[in-house]
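In our numbering, the protein residues as written are 2 to 310.
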Ligand code: BTN
């Protein structure tokens, strides 16, 4: 464990002011060196208060620092500010990080959405990318994204009592408004997925509806602030369980029972083409089956989906 992590761990264990002398004795380094590490931690956004008596970790309701994730702290790579957690996760994945490593950011300067759109990433939202190394055939990899959407929607519904549904391919809507978007990136070798990075942007304590009237956040729905780390921890628990006990049929069934797409008329746009029809089913690979106006059926496997009234 690096000195900064140890300092935070000691402060968190004490839950009160710890003197510079105690810290330097525990770490076996000088008090000047302790002060340099503390300064670095404060610059990274760690809520540490310093006084003549020593240092204290301020109990902070909405903090995403790895030390707050207990046993999971090695899995979490926190960035106060970064371009995009997708790029951080790709770097980590290529460096060989373990399954279920997470890159999470307080702010993204270049957050990305699907179809080459920007994803506004103001303070208060939960922006993270999880590196997954699923042991499943490449052709079923699309289901992993659907599983992530289902697990997040179930978590939001059960914990916060909001009516979260999944819209194909993997948006989460509450009462018709988008609360979470998912972007994935993958590297494969032959039929083998090397890594699949799942990026989620969940509106928690931010106010996205100012710029995007069709968006909602948990704060705007519930009228209170929520701790993002609890949501991330709960999602990691659920999603790790999902992947380690993988059952494609169960994912398809769970998605169908939470979906807000089937039996609706939809328009699906890709960068190359647009198709419109009635969404009738989800196939075993996560493709959306459309019934066209001439009665024929067509399955789309990617694209942006709009409900048409
Ligand atoms: C979409 O609905 O278009 C997908 C949005 C995905 C946004 C998340 S935020 C965390 C991760 N980093 C990014 O740059 N994008 C994803």
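Even glycine gets a Cβ: it sits at the ideal position worked out from N, Cα and C.
Near ligand 1: residue i beta-carbon under 7 angstroms from a heavy atom
i, result
"residue 76", "no"
"residue 184", "yes"
"residue 109", "yes"
"residue 101", "no"
"residue 128", "yes"
"residue 202", "yes"
"residue 172", "yes"
"residue 120", "yes"
"residue 115", "yes"
"residue 85", "yes"
"residue 112", "yes"
Same chain, Cβ closer than 8 angstroms to residue i, five either side skipped, listed in chain order
i, result
"residue 275", "268 and 269"
"residue 249", "137, 141, 144 and 285"
"residue 212", "121"
"residue 10", "2 and 68"
"residue 241", "101"
"residue 298", "281, 290, 291 and 292"
Pair within 8 angstroms by beta-carbon distance, residue i and residue j
i, j, result
"residue 86", "residue 182", "no"
"residue 149", "residue 180", "no"
"residue 24", "residue 115", "no"
"residue 259", "residue 151", "yes"
"residue 233", "residue 129", "yes"
"residue 13", "residue 58", "yes"
"residue 38", "residue 8", "yes"
"residue 110", "residue 89", "no"
"residue 132", "residue 94", "yes"
"residue 4", "residue 30", "yes"
"residue 306", "residue 214", "no"
"residue 196", "residue 134", "yes"
"residue 55", "residue 18", "yes"
"residue 156", "residue 236", "yes"
"residue 311", "residue 292", "Because the chain in this structure spans residues 2 to 310, residue 311 falls outside the shown range and cannot be described."
"residue 91", "residue 6", "no"
"residue 304", "residue 271", "yes"
CB-CB length for residue i against residue j, believed under 8 angstroms
i, j, result
"residue 261", "residue 166", "4 angstroms"
"residue 301", "residue 288", "6 angstroms"
"residue 49", "residue 43", "6 angstroms"
"residue 308", "residue 281", "With a Cβ gap of about 14 angstroms, residue 308 and residue 281 do not count as contacting."
"residue 227", "residue 192", "Contact doesn't hold; Cβ gap of about 41 angstroms is too wide."
"residue 41", "residue 112", "Rounded, the Cβ-Cβ distance is 25 angstroms, inconsistent with contact."
Other residues of its chain near residue i: CB distance less than 7 angstroms, five sequence neighbours each side excluded
i, result
"residue 223", "161"
"residue 256", "147, 151, 167 and 283"
"residue 221", "208 and 210"
Same chain, Cβ closer than 6 angstroms to residue i, neighbours up to 5 away in sequence not counted
i, result
"residue 266", "279 and 309"
"residue 230", "65 and 69"
"residue 188", "195 and 196"
"residue 15", "none"
"residue 158", "165"
Margin query: Within 8 angstroms, do at least three Cβ pairs link the segment 201-212 to the segment 123-132?
Written below: yes
Check: Do the segment 161-177 and the segment 71-86 meet, that is, are 3 or more Cβ pairs less than 8 angstroms apart?
Finding: no
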